[in-house]
Amino acid sequence: MKYFWKLVYNIFLFPVIYLLAVILALFNWKIRTGLIGRLRTYSELKKEFPQRNRDRLVYWFHVASHGEFEQVKPILAGLKEIEPDCYCIVSFFSPSGYNNVEDEHIDCKIYLPLDFPWNCRRVLRRTRPHKLIFAEYDVWPNLVWSAEKLKIHTTLFAARLQKKSAKGWPFLRSFYSQVYGTINSIYTVGERDHIAVKRILPRKSKSIIRVLGNPRYDRVKDLADQFTIDRTKSVLQRPKGIIAGSIWPEDEMVILEPLTDLVKNGKEAFLYWVPHEPKGKFIDKTVRQFQQLNLESVLMSECGLTPPNGEQVLIVDHVGILAELYWKGRIAYVGGGFSTGVHNVMEPAIARLPVIFGPKFHNSDAAEALIEAGGGFPTSNSVQFSQTLNELVTNDEKFLQASLAATSVIHDNIGSATRVVRGIIRD
0 MKYFWKLVYN
10 IFLFPVIYLL
20 AVILALFNWK
30 IRTGLIGRLR
40 TYSELKKEFP
50 QRNRDRLVYW
60 FHVASHGEFE
70 QVKPILAGLK
80 EIEPDCYCIV
90 SFFSPSGYNN
100 VEDEHIDCKI
110 YLPLDFPWNC
120 RRVLRRTRPH
130 KLIFAEYDVW
140 PNLVWSAEKL
150 KIHTTLFAAR
160 LQKKSAKGWP
170 FLRSFYSQVY
180 GTINSIYTVG
190 ERDHIAVKRI
200 LPRKSKSIIR
210 VLGNPRYDRV
220 KDLADQFTID
230 RTKSVLQRPK
240 GIIAGSIWPE
250 DEMVILEPLT
260 DLVKNGKEAF
270 LYWVPHEPKG
280 KFIDKTVRQF
290 QQLNLESVLM
300 SECGLTPPNG
310 EQVLIVDHVG
320 ILAELYWKGR
330 IAYVGGGFST
340 GVHNVMEPAI
350 ARLPVIFGPK
360 FHNSDAAEAL
370 IEAGGGFPTS
380 NSVQFSQTLN
390 ELVTNDEKFL
400 QASLAATSVI
410 HDNIGSATRV
420 VRGIIRD
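Just so you know, we're using numbering that gives the first Met the number 0 here: the sequence shown kicks off at 0 and counts up by one.
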């Protein structure tokens with residue numbers, strides 16, 4: 000069966016994917032940048048490895064983008080602490096990851112090589128990694144199959160399979176069974192994921208499967224340690240700031256009117272507004288929008304992170320600021336839940352904020368855990384959002400219960416990074 004799927008993937012599936020990427024690259028700069036980067040990957044590796052690697056202890060990590068790298072970051076630090084002389088390659092699929100990630104523990108940063116079998120074999124022969132490690136979901140078949148052929152150990156950590164994942168569909172399940180069944184070690188986020196992964200593996204699979212959690216919790220805790228002064232304050236001592244983070248147009252349609260009503264009606268509440276693309280035309284559009292709503296707004300670039308002085312809205316026009324910003328408010332709405340899937344809910348949770356988000360949250364194990372604990376609140380429409388928001392603003396008891404539940408979810412899940420590092424070294 001594996002031979003059949005290799006033929007299908009290499010003769011039909013990946014060539015079609017590549018052709019589509021070439022066509023779309025003419026119109027989309029992100030796809031174009033990524034494609035050019037992938038075409039240069041082998042030459043970049045030849046600079047780092049003039050000869051085939053024979054003596055370096057190399058670990059190759061692959062992540063999809065910037066968000067997934069947050070899971071890898073504590074793993075890299077832990078690995079370097081135990082094996083300081085190891086050489087760490089990190090490959091990215093997305094330009095947003097490649098262009099924005101800088102880390103002292105990365106020895107070589109590259110784009111994911113194109114997933115043609117001959118290309119995968121030559122990059123693996125050149126680098127000869129001790130282990131090839133994938134984060135969460137971005138697993139590429141020929142890279143895995145080539146590693147197996149070259150007897151290179153493969154690991155997938157923070158593995159999750161959503162209930163409605165296409166990987167569980169009858170026809171595709173057979174394909175993914177041959178991919179995941181080739182991976183030597185699979186570390187899942189939770190028990191449900193452990194069961195789901197076992198279901199798609201071949202019956203005779205020799206893959207090691209362990210439940211080791213999500214290292215992103217450790218990363219969020221490390222980031223929170225930077226905000227020592229804010230952490231010592233009671234959450235009730237903070238200004239009544241509502242932080243709307245990573246907002247997409249689909250989120251805006253649901254939350255903007257209730258938030259506007261809340262801010263206009265007093266209650267000492269004000270709004271931090273963070274668009275998903277906090278730059279250029281998106282910021283200009285946001286400024287005009289709040290002007291039309293008769294709300295006074297100010298850009299973060301003009302006043303910093305201090306609470307607005309007379310203004311009702313602070314518009315964030317800078318990237319990478321949310322982790323710190325959450326410590327300035329009381330309640331968070333995290334975007335993406337009405338479009339591609341909810342964004343990072345861990346950062347507001349560790350800042351002791353009750354977290355509200357849209358109905359598409361099953362991509363996030365943390366969102367599911369927050370709901371179960373009482374610190375997260377999914378919403379499907381403006382009416383439901385307004386009710387949840389007003390209850391948290393006006394009911395201190397309800398607010399404090401949700402605040403404690405949210406931060407407890409993070410602290411209860413810390414330690415995964417250490418377990419994953421041990422697994423990588425020992426398995």
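We treat Cβ as the ideally placed atom computed from N, Cα and C, and that holds for glycine.
For residue 136, the secondary structure class from DSSP, reduced to helix, strand or coil, is coil. Around the CB of residue 131, 16 or more other CB atoms lie within 10 Å, so the residue is classed as buried. Counting the other Cβ atoms within 10 Å of the Cβ of residue 274 gives 16 or more, which makes it buried. Residue 2 sits exposed, since fewer than 16 C-beta atoms from the chains shown fall within 10 Å of its C-beta. Within the same chain, and ignoring the five residues on either side of residue 95 in sequence, the residues whose Cβ sits closer than 6 Å to its Cβ are 64, 65.
The three-state reading of DSSP puts residue 417 in helix, counting H, G and I together.
Only residues of its own chain outside the window of five on either side were considered, and among them 329 have a CB closer than 6 Å to the CB of residue 237, listed in chain order. Straight-line measurement puts the Cα of residue 423 at about 12 Å from the Cα of residue 208. Look at residue 317 here: in three-state DSSP terms it is coil, with no helix or strand label.
Burial is judged here by how many other beta carbons sit within 10 angstroms of a residue's own beta carbon; residue 194 has fewer than 16 and is exposed.
Judged by DSSP secondary structure, residue 171 falls within the alpha helix (DSSP H) whose first and last residues are 169-179. Non-local beta-carbon contacts of residue 51 in its own chain, meaning distances under 8 Å to residues more than five positions away in sequence, involve 124, 125, 127 in chain order.
Its chain contains 413 as the residues whose beta carbon lies nearer than 6 Å to that of residue 220, once the 5 sequence neighbours on both sides are disregarded; these appear in chain order. In this structure, residue 33 keeps its C-beta atom at 9 Å or more from the C-beta atom of residue 136. DSSP places residue 209 within a strand segment (E or B) once states are collapsed to three. The three-state secondary structure of residue 165, taken from DSSP, is helix. Residue 366 and residue 333 have their C-alpha atoms some 10 Å from each other. The C-alpha of residue 61 lies about 15 Å from the C-alpha of residue 184. Three or more pairs of CB atoms, one per stretch, sit closer than 8 Å, so the region 310-322 contacts the region 290-299. Beyond the five residues adjoining it in sequence on each side, residue 250 comes within less than 6 Å, by CB distance, of 334, 337 in the same chain, given in chain order. Taking C-beta atoms under 8 Å as the contact rule, residue 189 and residue 364 qualify, at a distance of about 6 Å. In the three-state reduction of the DSSP assignment, residue 59 falls in the strand class, which pools E and B.
The beta-carbon separation of residue 324 and residue 271, rounded to 6 Å, stays under the 8 Å limit for a contact. Just so you know, the alpha carbons of residue 47 and residue 55 end up roughly 11 Å apart.
Unbroken beta strand (DSSP E) stretches of 3 residues or longer found wholly inside the region 92-142: 107-110, 130-134, given in chain order. Per DSSP, the beta-bridge partners of residue 274 are 246.
The three-state secondary structure of residue 87, taken from DSSP, is strand.
DSSP places residue 81 in the helix class (H, G or I) of the three-state scheme. Look at residue 378 here: in three-state DSSP terms it is coil, with no helix or strand label. Scanning its chain for C-beta atoms nearer than 8 Å, with the 5 sequence neighbours on each side dropped, one finds around residue 403 the residues 351, 374, in chain order. Restricting attention to 298, 223, 113, the CA atom closest to the CA of residue 21 is found in 113.
By a beta-carbon distance limit of 8 Å, residue 68 contacts residue 100. Their separation comes to about 5 Å.
Residue 409 is positioned such that its CB atom lies closer than 9 Å to that of residue 349.
Separation of the CB atoms of residue 4 and residue 225 is rounded to 46 Å, and the pair is thereby denied contact status at 8 Å.
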